[in-house]
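Everything below concerns the one structure shown next.
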Amino acid sequence: MIKDPLRRTTRLLRVFALALPLQSMAGEAQPVVETEIRDHLFFPSELVVPANTRVKLVIFNRDPTPEEFESYALSREKIIMGGQAVVIFIGPLAPGEYSFFGEFNPKTAQGKVIAK
Amino acid sequence: MLLTSVIIVLREVLEAALLLSILLAMSRLLQLRIHWFYVSLVAGAIGSAVYGVQVTAVSRAFGGMGQELLNAAMQFAIGLFFAATLSLLAMNYYSGPRLRALLLGCMAAAMALVVLRAGAEIYIYLSVFRYGPEPGFGMLAGSLLGAGIGFSVGALFYYLLLSLPRPWALLTTCVLLTLVVGGMCLQAAQLLTQAGWLPAQLPLWDSSALVAEDSVAGQMLYTLVGYEATPTALEAAVYIAGIAAVGLLLLFVRSRYK
Chain A
17 MIKDPLRRTT RLLRVFALAL PLQSMAGEAQ PVVETEIRDH LFFPSELVVP ANTRVKLVIF
77 NRDPTPEEFE SYALSREKII MGGQAVVIFI GPLAPGEYSF FGEFNPKTAQ GKVIAK
Chain B
21 MLLTSVIIVL REVLEAALLL SILLAMSRLL QLRIHWFYVS LVAGAIGSAV YGVQVTAVSR
81 AFGGMGQELL NAAMQFAIGL FFAATLSLLA MNYYSGPRLR ALLLGCMAAA MALVVLRAGA
141 EIYIYLSVFR YGPEPGFGML AGSLLGAGIG FSVGALFYYL LLSLPRPWAL LTTCVLLTLV
201 VGGMCLQAAQ LLTQAGWLPA QLPLWDSSAL VAEDSVAGQM LYTLVGYEAT PTALEAAVYI
261 AGIAAVGLLL LFVRSRYK
C-alpha cells in the first residue's frame, strides 16, 4: 500500500507538536548548581537549591578514576568517568536536606542538597 | 575499601540473583530445561564488558543523557520480556507445552539484560585497578565476598520458593514477576525524568522512615516488588500501568487457553 505523503507529513507534524512542550520544558531557564569531585571528595559538598523547582545539577569529576553519583533521597544515580562532567536533573524538592554520595568511595565522597 | 566493595557488588549481584531465582524456580515448576540460563549469563557478561568499555561514549550520546536513555530502554525491555515470559508461562500452564523456544528465549533475553545492568556497574567499579595497584587485595576480596553473599541469598530464595506447595509457588513467582514489571517501568520513568525527558514532579509521599531504600529490607523490596520510597505521581501511574498491563494479559491468556 502506498501511503499518502500529505497524510504522512501531517502525522509527522503532529508528532513534532506533541514533542514541542517537552522540548521547551527542557530548554526553560532553570537554576544550575555545580559541584566537582577531587580526591574522592565533593567540592562544594553542600549544595543550596531553591525548593519546589527543578534544578540542573552539573558534576565534574576531576579525578582520573570513575565515580558514581548516588542518592536514595533524590532517587538519582549516574556514573561519572574520570575527567568527565555529567548533568543530572533533580527536584522539584520540598524544603529539606537530601544526602548524596559517591558510591565507589562512600567513606569520603559525601554531600547533601539543601532545598530552601 | 573491603566493606565498600562488599556493599557495591552485593547490591548488584543480589538483584540479578533474586530475579534469576524466580525464573529458575518457575522453570523448575513447569519442568522447563534451564540451558537458557548459561546463554544469558555469558551474553550478559559480554554485554557488561562492552558497556563498561564504551561508557564514556554512552554518557556523551543524546546530549549527555545517553546513560539514562540506554538504561531506561534496558529496564523497559526487561519489563517487556518478563511480561512475555509470564504470558507464555500461563499458556504452558493452562494448555500443555507450547511455544517453549519462545518462552526460553524471553527468559534468556530478560536475564541477559539484568546481568548486563549489574555487570556493567561492577566492571566500571573494578576498572579502578587500571589506575594503580592501590585498591588491591581488599577490593578484590570484598567483591568476591559480596558476590558470594548475593548468590547465596539468591539460592536460599530459590529453595524457599520451591519449598512452597506447587500452586502457591507458581502464584508467588507470578505475582513477584508481575510486580517486578511494574518496578522496571517505574525505574525507566525515573531515569527519563533524571534526563529531563519526562516532567519533574514532587514526590507523592516519603516512606523512607518506614523502609529506607538503602536498608537491607529496602533493597530486597526494591528488587522483588519495585519499591520506591519517594515516588512521583507519574512514577506511581507507570508502576500501576505496568502491573495492570500484565494482569490484563494474563486474564486474556486464561480466558483463551484454560
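Here the protein sequences come in this chain order: A and B. The C-terminal residue of the first sequence carries number 132 in this note's numbering, and the numbering is unbroken. The C-terminal residue of the second sequence carries number 278 in this note's numbering, and the numbering is unbroken. The C-beta atom is built at its ideal place from N, Cα and C for all residues, glycine as well.
Item, Value
"Residue-level contact to chain B via CB, residue 102 of chain A, 9 Å cutoff", "yes"
"Three-state secondary structure assigned by DSSP to residue 88 of chain A", "coil"
"Assumed close pair residue 111 of chain A, residue 89 of chain A - CB separation to whole angstroms, cut-off 8 Å", "Residue 111 of chain A to residue 89 of chain A, Cβ: 13 Å. No contact."
"Amino acids of chain A, ordered along the chain, whose beta-carbon sits closer than 8 Å to that of residue 89 of chain B", "Going along chain A, no residue has its Cβ under 8 Å from residue 89 of chain B, so there is no contact; the nearest lies around 12 Å."
"N-terminal and C-terminal residue of the beta strand (DSSP E) that residue 115 of chain A is part of", "112-118"
"Backbone CA spacing between residue 40 of chain B and residue 148 of chain B [nearest angstrom]", "28 Å"
"Nearest-angstrom Cα separation, counted from residue 128 of chain B out to residue 125 of chain A", "37 Å"
"Cβ pair residue 190 of chain B, residue 85 of chain B closer than 9 Å", "no"
"Per-residue DSSP class, three states only, for residue 214 of chain B", "helix"
"Candidates A:84, A:66, A:92: closest to residue 122 of chain A by CA position", "A:84"
"Run of the beta strand (DSSP E) containing residue 77 of chain A, from where it starts to where it stops", "71-77"
"CB of residue 238 of chain B within 9 Å of CB of residue 143 of chain B, strictly", "no"
"Cβ shell of residue 38 of chain B (< 8 Å), same chain only, five flanking positions each side left out", "173, 174, 177, 240, 243, 244"
"Any chain A beta carbon closer than 9 Å to residue 147 of chain B", "yes"
"Cutoff 9 Å: residue 75 of chain B Cβ touching any chain A Cβ", "yes"
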